[in-house]
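Written out below as structure tokens is the structure these notes cover.
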Amino acid sequence: VDGRRPGHSLGLTIEELVEELKNYQVKNALNLDGGGSTTFYLQGQILNIPADLTGERKISTAILLQKK
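Residue numbers (my numbering): 8 to 75.
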């Protein structure tokens with residue numbers, strides 16, 4: 008969930024996130040750092056709106072999902 012961007016999305020509290028995950032019957036979840044160090048990138052495109060006005064940040068670690 009994008010956050011810190013009035014007019015786009017203010018994000019979720021941990022409590023709100025828990026309720027959303029329950030609604031989707033999620034059994035396991037992982038909450039990571041948010042804000043400007045979070046970017047959702049798929050097939051060559053950034054799909055979220057980064058919190059930093061300058062765009063996405065350089066990062067040293069990532070979680071990658073790959074189809075088998």
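Where is the CB? At the ideal position from N, CA and C, for every residue including glycine.
Chain-order list of residues whose beta-carbon lies under 6 Å from that of residue i (same chain, five-residue window excluded)
i, result
"Ile21", "none"
Anticipated Cβ contact below 8 Å, residue i with residue j, distance rounded
i, j, result
"Gly43", "Pro57", "6 Å"
"Thr61", "Ile53", "Between Ile53 and Thr61 the Cβ distance is about 13 Å, and since that is not below 8 Å, they are no contact."
Closer than 7 Å: residue i CB and nearest the ligand FMN heavy atom
i, result
"Leu60", "No copy of the ligand FMN occurs in the structure displayed, which carries no ligand at all."
Rounded separation between residue i and residue j - CA only
i, j, result
"Asn55", "Tyr48", "8 Å"
"Leu17", "Lys75", "35 Å"
"His15", "Asn35", "28 Å"
Chain-order list of residues whose beta-carbon lies under 8 Å from that of residue i (same chain, five-residue window excluded)
i, result
"Leu71", "none"
Own chain partners of residue i with C-beta closer than 7 Å, once the 5 adjacent residues on each side are dropped
i, result
"Asp157", "Outside the displayed range of the chain (8 to 75) lies residue 157, so it cannot be described from this structure."
Which runs of the beta strand (DSSP E), 3 residues or longer, sit entirely within the stretch 37–73?
As far as the stretch 37–73 is concerned, it has no whole beta strand (DSSP E) run of at least 3 residues.
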